[in-house]
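Notes follow once the structure below has been shown.
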Amino acid sequence: LPRALSGIQPTAGSFHLGNYLGAVRQYVALQETHDAFYMVVDLHAITVPQDPAELRANTRLAVAQLLAAGLDPHRCTLFVQSHVPEHAQLGWVMNCITGFGEASRMTQFKDKSAKQGTDRATVGLFTYPILQVADILLYQADAVPVGEDQRQHIELTRDLAERFNGRFGETFTVPAPYIVKEVAKIYDLQDPASKMSKSASTPKGLINLLDEPKVTAKKIKSAVTDTGTEIRFDAAEKPGVSNLLTILSTLSGTSIPDLERGYEGKGYGALKTDLAEVMVDFVTPFRTRTQEYLDDPETLDALLAAGAEKARAVAAETLAQTYDRIGFLPAK
Ligand code: AQP
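5 is the number of the first residue of the sequence shown in UniProt numbering; add one for each residue after it.
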């Protein structure tokens, strides 16, 4: 089977709808067709300050949400990044074959450091795409399911894999991004020109899966729509309505043309009412399942221990081969 690898940060507590539609749904689907590795990336989380107790709780919460979304530990390898020390070890190697200028061109760092200021932005935040390269290459991944915002980092992964292979001999599989075009970028409900993100300018634009369903319904009903009245997918002219159509189509399984036909002659209110209902039907059992997993931390931790063991078996082999290729003297 081809390999898939992806990771999600435990920082915000609840996953948001962009994380779910852009990434986690694909994690679930790829369990069927790939030898899939998924991890909660706590090493990435500390690139910005974290409260230790909160980080620990949010890491378990992220695992519970991944299970609630449909990851099955019998069909994929689910683990926490810091449980597999090879990530940090291969990360260092990758740091040493990355140009400073090359790393400086990562637009996500430019955006985030511009917001935080260069003294508050850490060196860890600067090099996190390179750690992500190591995350992917350790598992010889073929496919990396992510949202559009990660495309540049997967490009960097491909460049570094090819560079290492060229210099030291075939070592790493060169991975490809697995980005589902329709849901690659879910937009903020209040600002449909911007990506839905945990650092949204207003919480009203952000759908957290663990919010009270009533709150979620309200946010959908107050979503920004566009001038005119027609319900039609047109990302340039009608970004707000198009975003709602994308979300409804993905969650309901009805194609966008079918939705457009169904809403002929109806107003934005009808679309929002239906979407609010579909969302509530989705998040209500999701919240219950997440809580059930959280209520049983022993089972959760046992599952993570088993996942880390499976992940380490693969990661250790790749790291040993990498160290050998570089010319590190083997430890006796
Ligand atoms: N709006 C989105 N549409 C589609 N996919 C998205 N992803 C994030 N936002 C969207 C994808 O979710 C996966 C996990 O992302 P992460 O753990 O790196 O979270 P993040 O990118 O830090 O989430 P935010 O909300 O986007 O954080 P900030 O505001 O800090 O930038 C990834 O595959 C990502 O592509």
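Note that the Cβ used here is the ideal one computed from N, Cα and C, for glycine as well.
{"Check": "E90 burial status per 10 Å Cβ neighbour count (16 or more: buried)", "Outcome": "buried"}
{"Check": "Nearest-angstrom Cα separation, counted from K225 out to K218", "Outcome": "11 angstroms"}
{"Check": "Collapsed DSSP secondary structure at S86 in the structure displayed", "Outcome": "helix"}
{"Check": "Distance cut-off 7 angstroms: S201 Cβ against heavy atoms of the ligand AQP", "Outcome": "yes"}
{"Check": "Span separating the alpha-carbon of A107 from that of R162", "Outcome": "14 angstroms"}
{"Check": "Sequence-distant residues of the same chain with beta carbon closer than 8 angstroms to Y267, five excluded per side", "Outcome": "I235, A274 and L275"}
{"Check": "Heavy atom of the ligand AQP within 7 angstroms of L249 beta-carbon", "Outcome": "no"}
{"Check": "The ligand AQP heavy atom lying under 7 angstroms from the CB of I50", "Outcome": "no"}
{"Check": "Y191, DSSP secondary structure in three states", "Outcome": "strand"}
{"Check": "Residue burial classification, C80 (beta-carbon count within 10 angstroms, cutoff 16)", "Outcome": "buried"}
{"Check": "Cut-off 7 angstroms between Cβ atoms - residues of its own chain near I260, not counting five sequence neighbours on either side", "Outcome": "F237, L249 and S253"}
{"Check": "Where Y182 falls: helix, strand or coil (DSSP)", "Outcome": "strand"}
{"Check": "Contact under 8 angstroms by Cβ, Y44 with V28", "Outcome": "The sequence given here has Val at residue 44, not Tyr. Against a cut-off of 8 angstroms, the Cβ pair of V28 and V44 comes out as no contact."}
{"Check": "contact_flag[the stretch 202-212, the stretch 169-187] where n(CB pairs < 8 angstroms) is 3 or more", "Outcome": "no"}
{"Check": "Bridge-paired residues (DSSP) for Y42", "Outcome": "S10 and L82"}
{"Check": "Cβ distance (whole Å) where A73 is taken to contact Y42 below 8 angstroms", "Outcome": "Contact doesn't hold; Cβ gap of about 10 angstroms is too wide."}
{"Check": "Buried versus exposed call for K189 [16 or more other C-beta atoms within 10 Å across all chains shown]", "Outcome": "buried"}
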